[in-house]
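Each residue of the sequence shown is one higher than the last, beginning at 8 in this note's numbering.
Inspection log for the structure reproduced underneath, given as structure tokens.
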Amino acid sequence: ILVMVVIWRSRGEAIRKKFAMPTKVWLTGILGPWGYTVCFFVSYDLIPPIHAALLLFSWPIMLLVGNAVLRSRSIRWWHAIGAAAGFAGATILVIGRSEGGLGESGPFYGYIIALAGAFAFAAYSLGRSTWEDIPTAAAALFCFGGAGLSAILHLLFETTVMPDGTAWIAILVLGLFNTAAALFAWDFSVKHGHVRVLVSLSYMIPLFTAFILIAIGQGTFTTAVATACALIVGGAFIGSRDLFMKETGES
């Protein structure tokens with residue numbers, strides 16, 4: 008938000024006008040990404056990580072179905088196959104990294120929280136793809152609102168621990184790139200890209216995560232990783248068939 012304020016001021020833009028957005032945009036814009044993040048951490052504490060990861064990463068499927076139902080966008084066979092292959096590949100990666108087995112369980116409400124997180128981000132993505140008059144820069148305000156809610160929860164339920172110098176750097180990097188930059192990029196993509204294609208491409212996230220872990224020595228390239236790579240990349244290619252066809256329809 009501080010970076011965007013500097014940019015807005017340098018352009019002579021009125022900051023107050025940036026806050027003039029409909030209530031539904033504010034609610035969805037803040038509660039979507041923030042709700043997903045909160046549900047992510049809470050569900051990982053309540054249920055086995057493998058279960059939480061699989062449920063949380065069901066949001067692309069929810070987005071695909073929501074886009075078809077609410078925006079009357081048909082799901083063609085390549086969209087379904089691409090999404091299914093991507094989810095299968097992501098499942099293999101999650102199971103391969105998990106220390107717990109699928110037989111473990113946790114409290115029922117932990118699973119509800121994980122599904123709620125997936126729904127929150129799918130709802131945000133679907134809503135964001137329809138707000139053509141809301142600029143991508145609004146994502147900075149959504150992050151600001153989410154930070155405010157997180158501060159309230161922290162004061163109510165957590166003990167404050169001041170980070171050291173290295174931790175502050177990590178917090179800054181994660182805040183600027185892992186959260187803000189990623190949200191800006193996704194915001195721009197769902198507004199200007201093919202939502203059904205993005206569903207398939209979104210499964211590249213766990214694949215990139217696996218390769219990063221391998222690169223830093225925290226994982227090995229196994230048959231499971233190779234299989235997941237084939238499924239995710241193949242699914243992304245099939246699901247992106249719209250990009251190779253001469254269609255005039257929107258996403």
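C-beta atoms are modelled at their ideal positions from N, C-alpha and C, and glycine is treated no differently.
Range of the contiguous alpha helix (DSSP H) that encloses residue 143: Run containing residue 143: none; DSSP gives neither H nor E here.
Reference residue 141; option with closest CA among 102, 191 and 187: 191
Can residue 124 and residue 209 be called in contact, C-beta distance under 8 Å? no
For residue 248, three-class secondary structure by DSSP: It is helical.
Between residue 189 and residue 128, what straight-line distance do the alpha-carbon atoms span, to the nearest angstrom? 13 Å
Whole angstroms are fine: how far does the CA of residue 158 sit from the CA of residue 102? 33 Å
Between the alpha carbons of residue 173 and residue 228, how many angstroms are there, rounded? 30 Å
Residues near residue 221 in its chain [Cβ-Cβ closer than 7 Å; skip 5 each side]: The answer, listed in chain order, is 227 and 228.
Counting Cβ pairs, one atom from each stretch, are 3 or more of them under 8 Å apart for the region 238–246 and the region 88–95? yes
Is residue 216 near residue 99, with beta carbons less than 8 Å apart? no
Inter-residue spacing [alpha-carbon to alpha-carbon] between residue 41 and residue 131: 10 Å
Buried or exposed for residue 168, going by 16 or more other Cβ atoms inside 10 Å? When all chains shown are included, residue 168 counts as exposed.
Keeping to the same chain, check which residues put their C-beta closer than 8 Å to that of residue 30; ignore five residues upstream and five downstream. none
Between residue 62 and residue 150, what straight-line distance do the alpha-carbon atoms span, to the nearest angstrom? 24 Å
In this structure, does DSSP put residue 30 in helix, strand or coil? helix
Rounding to the nearest angstrom, what Cα-Cα distance links residue 72 and residue 203 in this structure? Here the alpha carbons of residue 203 and residue 72 stand approximately 9 Å from one another.
Looking only at C-alpha atoms, which of 230, 156, 207 and 163 sits nearest to residue 45? 156
Every unbroken alpha helix (DSSP H) within the region 186–254, with a cutoff of 4 residues, ordered by chain: 189–199, 202–208, 211–222 and 230–246
Contacting residues, own chain, Cβ-Cβ under 7 Å from residue 186 (five flanking each side not counted): 150
With a floor of 4 residues, list each alpha helix (DSSP H) that falls wholly inside the region 57–138, ordered by position along the chain. 66–77, 84–104 and 115–135
Own chain, CB closer than 7 Å to residue 68, minus 5 neighbours either side, in chain order: 90 and 94
Given residue 58 as reference, the closest of 39, 118 and 84 once Cα atoms are compared: 118
Determine the contact status of residue 3 and residue 246, defining contact as a CB-CB distance below 8 Å. Residue 3 lies beyond the stretch modelled for the chain, which goes from 8 to 258, so this question has no answer here.
Among 85, 194, 171 and 212, nearest to residue 147 - alpha-carbon criterion: Answer by Cα proximity: 194.
Please report the straight-line C-alpha distance between residue 244 and residue 35, rounded to a whole angstrom. 31 Å
What residue range is occupied by the uninterrupted alpha helix (DSSP H) comprising residue 172? For residue 172, the enclosing alpha helix (DSSP H) begins and ends at 172–180.
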